[in-house]
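A.B. asks: Be aware that the sequence shown starts at 1, since it is given in my numbering, and climbs by one per residue.
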Amino acid sequence: MTYEPLSRRLATLAAIFAFLGVLLGVIALATNYWTINTIVSETSNATNVIDSHTSGYMWNGLFKECRTNMFCIARFQATTFIVCLMGLLFLLAGGIFSVLDIPKASDRRFITPLLMFVGCVLMTAGLVDYASMNFLNYHSSRAMIAAIVFAYTALPIAAFVAGRYSALERGV
Numbered sequence: 001m002t003y004e005p006l007s008r009r010l011a012t013l014a015a016i017f018a019f020l021g022v023l024l025g026v027i028a029l030a031t032n033y034w035t036i037n038t039i040v041s042e043t044s045n046a047t048n049v050i051d052s053h054t055s056g057y058m059w060n061g062l063f064k065e066c067r068t069n070m071f072c073i074a075r076f077q078a079t080t081f082i083v084c085l086m087g088l089l090f091l092l093a094g095g096i097f098s099v100l101d102i103p104k105a106s107d108r109r110f111i112t113p114l115l116m117f118v119g120c121v122l123m124t125a126g127l128v129d130y131a132s133m134n135f136l137n138y139h140s141s142r143a144m145i146a147a148i149v150f151a152y153t154a155l156p157i158a159a160f161v162a163g164r165y166s167a168l169e170r171g172v
């Protein structure tokens, strides 16, 4: 059974949001700018008043920690990386199934929102895992947050399309 035009457009929109989420998530995982902090040096003067000034920056991500005046130190956040990567793979599979549902509906219509849901949960869990150790205040962490927003936007659209087709199938 083929979809009506509204369901086709919504399935296309869900696929676009899912693929945008995957793209932003891959960029977030590949770059090393999840957290940035200033390095503050404190010195005391003759009156014992502490004077502080910024002496550089420290930024880190999932692979290494870097400072402006030193070499980078390898610190791999394996749990965050693997959980976010698994979430992105599920979201990619959900986007692919959404594209396959555009021309013609089939019995696999419920797998699309299920895959997107698992992807959303895993990406959120990975972000929370990293946030439990460091701040989320730089480019890569914000790209991952945007990827999660796109994934959570694609999820109800895909669920609506699957539910709409089921309601139409029952009436036929």
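Backbone N, C-alpha and C fix where the C-beta goes; we use that ideal spot for every residue, glycine too. Note that this is a predicted model, so its numbers are computed, not measured.
#1: Is Tyr138 buried or exposed, if buried means 16 or more other CB atoms sit within 10 Å of its CB?
#2: I'd like to check one pair, Met116 with Leu91: are the Cβ atoms closer than 8 Å?
#3: My output table needs one value for Gly56: the three-state DSSP class, helix, strand or coil.
#4: DSSP state of Ser132, grouped into three classes?
#5: Note down, one range per segment and in chain order, each beta strand (DSSP E) of at least 3 residues found wholly within the segment 80 to 122.
#6: By the three-class DSSP mapping on this structure, what secondary structure does Thr124 have?
#7: Around the C-beta of Thr35, are 16 or more other C-beta atoms found within 10 angstroms, so that it is buried, or is it exposed?
#8: Is Arg9 helix, strand or coil by DSSP?
#9: Excluding five sequence neighbours on each side, which residues of the same chain lie with their C-beta closer than 7 Å to the C-beta of Arg8?
C.D. replies: The short version:
#1: buried
#2: yes
#3: strand
#4: coil
#5: none
#6: helix
#7: buried
#8: helix
#9: Ile102
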